[in-house]
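Quick notes on the structure that follows.
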Amino acid sequence: MILLLGLPAGLLIGMSLGALGAGGSILTVPALVYLLGQTPHQATSASLLVVGAAALAGVGAHWRAGRVRLGPGLVFGAVGAAGSVLGSKASALADPNVLLLGFAGLMVAAGVGMLARGRNRQHEPDEDGAGGGGGVATKRRVDTARAVKVLVAATVVGLLTGFFGVGGGFVVVPALVLALGYDTATAVGTSLVVIVINSAVALATRVAGHGVSFDWPLLGVFLVAAVAGVLLGNRIASRVAPQKLTTAFAVMLLVVAFYTAVRSALQL
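Here the numbering used here is used: the first residue of the sequence shown is 3, the next is one more, and so on.
Have a look at this one:
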C-alpha cells in the first residue's frame, strides 16, 4: 500500500518542481514522513536524491526553451557547496522532532514568500539597463551589492539544502531576479542547476559522513514518478498563469506546515 502511494506523491512533487521551480520540491520531506512512513532523517536524505534527480530532469526542458543561464547557475551552486556540507553535518545531530518543527517554520517562510512573489510578479525589475545613467563608481557599487546578495543567498541555500534536504529554489529565484535582473522564467530554469549541485554535495556529505540507508523499491517508484511529474509540470507552467500556480501552492504549503508543526510539537 505504501509503495503504491509513492506514485501520486512523487508525481505531485515533480509537477510542483517543474511548474514552480522555486519551492516546488519543499513538500518532499513531509510526503516521505507522513505518507510513506520514513523517519525525518531518512526523509531529508532521500529528499536530496529525489529533488536532485527531478531538478536534473527539469534542466533539459528549461534549457531547450532558453530559460537557463548555465554559468551563473554553476557559480551560485559552487558558492553554496560549503553551506551544503555544514548543513548536512548539523542535520545528523538534530533531534528528529526538532528537525520537523524547524521544517514547518521553513515551509511557513516559503509559503509567505511565494504569496508575496505571486502578488508582485507583475512588478518584476528589468535590470538589463540598470546603471546606464550612472558613472563607473555607481556601476561598481551596484555590481558589488549584487555580488554580496548572491554570496549570502547561495550560502543560505546551501545550508537549507544540507540541513533540511530541500532544493532552496524559493531563495534562489528571488535572488536571481533581484540581484541579476532575470525574469522569473529564466530564474526558475537557472535555479534547477543550483538545486542539482547543492543536492549532490549534501547527499555525498551524508553518505561519506554517517551513511544513508534507503528503501530503494519505495524510493525508486517515488523518483520515477517525480521525474515524470517534472516534465508534466513544465507543460503546466506554459499554460497556466504563474501567479495562480504560485498562490495555490503557497496556500497548500501553509496548510502542510501547520499540520507538521502540530504533529512534531506534540511529540517533543
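Where is the CB? At the ideal position from N, CA and C, for every residue including glycine. Quick caveat: nothing in here was measured; it's all calculated off a predicted structure.
Residue j beta carbon less than 7 Å from that of residue i
i      : j      : result
Ser215 : Leu50  : no
Leu37  : Ala63  : no
Ala48  : Leu34  : yes
Gly191 : Arg66  : no
Val173 : Val159 : yes
Met109 : Ala267 : no
Enclosing alpha helix (DSSP H) for residue i [first to last residue]
i      : result
Phe216 : It is not in any alpha helix (DSSP H) - Phe216 carries neither H nor E in the DSSP assignment.
Arg208 : Thr186 to Gly211
Gly169 : Neither: Gly169 is in no alpha helix (DSSP H) and is coded neither H nor E.
Leu37  : Counting along the chain, Leu37 falls outside any alpha helix (DSSP H), and DSSP gives it neither H nor E.
Leu9   : Ile4 to Leu22
Simplified DSSP state of residue i, which is helix, strand or coil
i      : result
Ile28  : coil
Gly75  : helix
Ser49  : helix
Tyr261 : helix
Val61  : helix
Leu255 : helix
Asp128 : Residue confidence is low: Asp128 scores 48 on pLDDT, short of 50, so the model does not pin down where it sits. No coordinate-derived value is stated.
Length of the line joining the Cα atoms of residue i and residue j
i      : j      : result
Ile15  : Thr30  : 6 Å
Ala230 : Arg237 : 11 Å
Arg208 : Thr163 : 12 Å
Ala84  : Leu153 : 12 Å
Gly187 : Asn99  : Reading off the sequence, residue 187 comes out as Ala, not Gly. About 36 Å.
Gln269 : Ala106 : 14 Å
Ala239 : Val196 : 20 Å
Leu22  : Ala227 : 17 Å
Gly20  : Thr46  : 20 Å
Residue nearest to residue i in terms of C-alpha spacing, selected from the options
i      : options                          : result
Val253 : Ala239, Leu117, Arg241 and Pro74 : Leu117
Phe1   : Gly183, Val114 and Gly75         : Residue 1 lies beyond the range of the chain shown here (3 to 270); nothing can be said about it.
Val203 : Leu22, Gly39 and Ala80           : Ala80
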